[in-house]
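Position one of the sequence shown corresponds to residue 15 (the working numbering), numbered consecutively onward.
One structure below.
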Amino acid sequence: WNYTTGASMLTSASQATKFIKEEISVSIENVTYPPVIAVLLCDDSESDAGCGITQNLGKEIQRLFRMSESSKAYVRIVNSKWVFDSISCAEALECDHYSPSSPLASSLWQEQMTRT
15 WNYTTGASML TSASQATKFI KEEISVSIEN VTYPPVIAVL LCDDSESDAG CGITQNLGKE
75 IQRLFRMSES SKAYVRIVNS KWVFDSISCA EALECDHYSP SSPLASSLWQ EQMTRT
């Protein structure tokens, strides 16, 4: 990743769901560059209710995965340590070593890892 187009902070699952539906889906359909990217930060909660990814958001992410084999380029699901490590390295790191703890977030993370 080497994009310098800025960022927006989404503070709720409903905002993230809307962003994925309206921005990322359009980015995939129109093949924009740089692509629109969402990084979903999950805390260390081991319960689905506490991780921040609701069932609706999870379904929207899965729909996105079905839209594009390269959907990993559009959505990254990581635990919060990713932010600190990325800042320390002065670049957005890959998400390979930042699996979330909750079952739903972890299953979405595993699915994203199978994408290119």
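Beta carbons: idealized from backbone N, C-alpha and C, even for Gly.
Discussion item. What residue range does the beta strand (DSSP E) around residue 52 cover?
Written reply: 52-56
Worksheet item: Roughly how many angstroms separate the alpha carbons of residue 117 and residue 62, rounded to a whole number?
Response: 6 angstroms
Fill in: Beta-carbon proximity check, residue 67 vs residue 27, cutoff 8 angstroms
yes
Worksheet entry | Sequence-distant residues of its chain with Cβ nearer than 7 angstroms to residue 23 (five each side left out) | none
Fill in: Under the three-state DSSP convention, the category residue 80 falls into
helix
Worksheet item: Buried or exposed: which applies to residue 126, given that a residue is buried once 16 or more other Cβ atoms fall within 10 Å of its Cβ?
Response: buried
Discussion item. In this structure, how does DSSP classify residue 67 when only helix, strand and coil are distinguished?
Written reply: coil
Worksheet item: Of the residues 90, 51 and 34, which one's Cα is nearest the Cα of residue 112?
Response: 90
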